[in-house]
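In our numbering, the protein residues as written are 105 to 232.
A short write-up of the structure that comes next.
Now the structure itself:
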């Protein structure tokens, strides 16, 4: 009987320790926003703007930079922050002296849609 009690106590503590241990969160099956995107912003005072970005996950966060798709001699615009939500992404950057945030929502597997400053329509298309 004493051996059974010791065995049950050891089993109980083993289960308790296993129950309190932390396991890492599982990695997402697919990283939807990571990859190359062509972003178009329509109707700005400078006309329609087309940019390309490659979003890469580093240390659990998306990073990248914006490049002019039509003129490679223009300077690269660093992305200052990217906020992710389910099916949505907000890309923050500075351009022409303004801090801007571009919210985009998932339309399908290869397209995003949003508005810059609630004034200018924006679309993003995955580049394959």
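A virtual CB, placed ideally from N, CA and C, is assigned to each residue, including glycine.
| query | result |
| --- | --- |
| Test item: CB-CB of residue 186 and residue 165 under 8 Å | yes |
| Residue 231 in three-state terms, based on DSSP | coil |
| Per-residue burial, residue 132 [other beta carbons within 10 Å of its own, 16 or more giving buried] | In this predicted model, residue 132 has a pLDDT of only 49, less than 50, meaning its place in the structure is not dependable enough to derive any value. |
| When 161, 195, 181 are compared against residue 201, the one with the closest alpha-carbon | 181 |
| Secondary structure of residue 109, DSSP reduced to three states | helix |
| Residues that residue 219 bridges to, as DSSP identifies them | 225 |
| Buried or exposed by the 16-neighbour rule on C-beta atoms within 10 Å, applied to residue 226 | buried |
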